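Have a look at the structure below, then the notes.
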Amino acid sequence: MVCLELVDSPRVEMASDLMEYDEILEDSFAAADLQVRQVAGGKITEFPPIFSDDGEDILLVWNNTVRVFNVATGKWVRDLDKTDADLVAIEFDPTNSQEIIGCTKDGDVVTWKWKAGVRCQRIKLNIPQTNFRVMSFNLFEGLDGNLQAVIVYFYDNDCSIKLDVFRLADGESLNGFPGKFNQL
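Residue 1 is where the sequence shown starts when you use the working numbering, and the numbers rise one by one after that.
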């Protein structure tokens, strides 16, 4: 994910002294003078950011790091403890908004206390195939009240793909989708 900052030129600042806000938005030269500067991250559409419950912070994935920024100032607040491999997704724990849960491409599910930046748990998914690569990770609370995740992963040199459901308490597959899909 990319964190962007809008930077206005002196020409826009000067225009804002002379014009009302609505006029600035309508005026084409003011919009042309706005510049976008990359603050952090990689691809702009790869990972959606997540916002804290109070809306004060935004959390972004950047390779094997989760970065926290203040929404009002745009300033970096902290990095969470790094993972061993690149992250594929992060989500707030639906049962505890003080924790976020992420999954790496090699099947590690990591839980952080995000305000402290500290990793508090790591579980390895029990994926039976070797040489796999996790592509997506989506949390949900199961009917039994336990956290589960839908995981999509490639294996067999990226020739096969599998969708499965895992229990996060122990990383075991629930075999929700036992088949596999070939040649997508």
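C-beta: ideal position from N, C-alpha, C; glycine also. Given the structure is predicted, the values throughout are model-derived calculations rather than measurements.
Checking the DSSP bridge columns, you'll see Ser136 partnered with Val152. Cα atoms of Phe140 and Gly74: separation of roughly 30 Å, rounded to the nearest angstrom.
The segment 124–132 makes no contact with the segment 88–102, as fewer than three CB pairs between them are under 8 Å. In the three-state reduction of the DSSP assignment, Phe166 falls in the strand class, which pools E and B. For the 9 Å CB-CB criterion, Asp57 and Phe69 form a contact.
By a beta-carbon distance limit of 8 Å, Lys124 contacts Gly107. Their separation comes to about 6 Å.
Between Asn138 and Ala169, the C-beta gap is not smaller than 9 Å, which leaves the two residues out of contact. Collapsing the DSSP output to three states places Leu174 in coil. The Cβ atoms of Ser97 and Pro128 lie no closer than 9 Å to each other. By the 16-neighbour rule on beta-carbons within 10 angstroms, Thr111 is buried.
In this structure, the CA atom of Val150 is about 9 Å from the CA atom of Arg167. Each residue's CA atom was taken as its position, placing Asp164 and Asn157 some 18 Å apart. DSSP, read as helix, strand or coil, puts Asn157 in coil. Between the C-alpha atoms of Ser52 and Trp62 there is a straight-line separation of about 17 Å. Fully contained in the segment 56–139 are the following beta strand (DSSP E) runs of length 3 or more, in chain order: 57–62, 65–70, 76–79, 87–93, 96–104, 108–113 and 118–124. In this structure, DSSP gives Leu143 a state outside helix and strand, which the three-state scheme calls coil.
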